[in-house]
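In my numbering, the protein residues as written are 426 to 1003.
Glycine residues also receive a C-beta, built at the ideal position from the N, C-alpha and C atoms.
Take a look at the structure set out below.
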RNA sequence: GCGGCGGUGGUCUAGUGGUAGGACCUGAGCCUUCCAAGCUCAUGGCCCGGGUUCAAAUCCCGGCCGCCGCACCA
């Protein structure tokens, strides 16, 4: 059985996750997190929030899953997602219809043509299937959109989409979010939420799904001025698999510190390097095996439409590398697009230390002259004059000035342009922030954590399976058992369970069957500690605490038990020191 | 979406054209002074639809789901 199969079996049996709506046959790519899985997910999200929001001083928001079409027109997802697909009737291969047309004809931008036209072109040119050479003439051209579409309100006049990434919910609200950050760069806005992609072929349980949780951080920075606090992470060692190494015959993963990676230019963006460092330690914190982990740089052809440089964090499972996080330097792509499409201001005003006095050439052309003179071109001429004044004020020194519009020259008397050089005081400038984006797939993190935590060993000759999840992440912190359900032990144990719950621990109480069975049950869901009440407990107010990984036990006093468990889970003390 | 393989209680699995058996798990009880012990009892199943047949969980077709490969993964 593969690692993945063992995991899926355990996940279903023990309540981590299972295919959704199985009673009706299910739907591929949708999974329900059971009690253990939901608790684990919640813990991972809390740990992420702690590190990437609280510790960084960022803000967190929660935007809608459904957004109106305009948002995705601006973001590029509508075009980027609406692929023309043609399927070969012979071999069944699916191809991008627009690409096939572009490759076989002089036509460019075939994507902008209606599907019928593309079909006709394929028939007219008798284009063949690139896979098997059969003719594609007559095969239908379909759209395949990876976004889930819906209608907002009754009717179809207001289309909406389920977001394919949580990021747009942040970008689109930038003007408001900037206000909350008092318009001071840099600032970061995070979001943990669902995203949806109508994948052609969901695979590998939680790895490729149609509905998933993302934890995304959009860190808005001034590209000219802001620097990450690299000193905080410069000694963190990163396993880097650069684009260069991937393409080299003998390339492999290089262990470089964040400092070295930046100095040697392996990671070009300091910001990306910073977050690689932060994330590396965080992955370790949540129990990902650092011996089965790497950062892989995207190859040039692999980069998304918005990304300038991108590294993926990848974890090895069953010999495959699973992408668990993307670290992208998105530049100002998204804010720029939303500014263009919405007409709103997606910049931050940066005030200078000292106001700057500059001489600015301006024109205020007399339209009552330009209008009659140039007719419909008058506005273009006025715009050209303005541009020229900024570019080359000396052009206005003579009697006439000549500008070119669409290859045609227009000559205007300078006095009609009202040219002047004004002295203005500038207090600052509008800056369009750049965006650094670490984007985590929560389901994939969970899948990796479970796969890496899955451990088999032997206790007293019996095989045992347990999850060595870090106590902070474990769905349940402590199991409380009476050694036997008699002589007051159960009552005593229930009181202890209540007390531990009141102290904030996640507690399971179990009095069924033999004690060993109960330990194993907790082992399989990764519960780090079990407290057992025996005869001595009732008499002396002590209990045994059993550690999951070693199965060793220590007797401790009931007094301060909750604090003892808390210190163990938080790593402030070790089991050996009890 | 294509191709290959598969689908029997919660899990793992046996099985045959005559409507299913085991193990584990789970629950109840007994026993038990710390690691899946034992005994008794109990709950629970042939993925869905159509076809062939006197009879289908079994054979055929389609669908759904899963795994693998291809394609896709902006």
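Put residue 917 into one of helix, strand or coil per three-state DSSP. helix
Close-in-space but distant-in-sequence residues of the same chain around residue 717 (CB under 7 Å, 5 per side omitted): 740, 741, 877
Does the beta-carbon distance from residue 891 to residue 946 come in below 7 Å? no
For residue 1004, collect the residues of the same chain with a Cβ closer than 6 Å to its Cβ; drop the 5 residues on either side in sequence, then sort them by chain order. Summary: the structure shown does not reach residue 1004, with the chain confined to residues 426 through 1003, and so no result is reported for it.
Beta bridge counterpart(s) of residue 626 as assigned by DSSP: DSSP output for residue 626 lists no bridge partner at all.
If contacts are defined as beta-carbon pairs under 8 Å, then residue 598 and residue 862 qualify, I think. What distance do you get, rounded to the angstrom? 15 Å between Cβ atoms; not a contact.
According to DSSP, simplified to helix, strand and coil, what is residue 688? helix
Just mark residue 441 as buried or exposed, buried being the case when its beta carbon has 16 or more other beta carbons within 10 Å. buried
Residue 500 to residue 799 span [Cα, whole Å]: 38 Å
In whole angstroms, what is the alpha-carbon distance linking residue 766 and residue 895? 46 Å
Looking at the strands, I want to know which residues DSSP matches up with residue 644. 613, 861
How is residue 587 classed by DSSP in three states: helix, strand or coil? strand
Go to residue 668, then tell me how far its alpha helix (DSSP H) extends in each direction, as first and last residue. 668-672
Inter-stretch contact at 8 Å, needing at least 3 Cβ pairs: the segment 637-654 / the segment 468-482: yes
Residue closest to residue 404, alpha-carbon to alpha-carbon, out of 450, 447, 464: Residue 404 is absent from the structure shown; the chain starts at 426 and stops at 1003.
Span of the beta strand (DSSP E) around residue 402: Any property of residue 402 remains undetermined from this structure, which presents the chain solely from 426 to 1003.
Would residue 686 and residue 673 be called neighbours here (beta carbons separated by less than 7 Å)? no
Among the residues of its own chain, which have a CB less than 6 Å from the CB of residue 668, if the five just before and after it don't count? 722, 724
Could you give the C-beta distance for residue 902 and residue 994, rounded to a whole number, given that I count them as a contact under 8 Å? 6 Å
Which runs of the beta strand (DSSP E) fall wholly inside the segment 772-796 and span at least 3 residues, in chain order? 773-787
Put residue 664 into one of helix, strand or coil per three-state DSSP. strand
Hey, how far is the Cα of residue 760 from the Cα of residue 675? 40 Å
As a quick exercise: from 963, 551, 975, pick the residue whose alpha carbon is nearest that of residue 981. 963
Beta-carbon gap between residue 493 and residue 618 smaller than 7 Å: no
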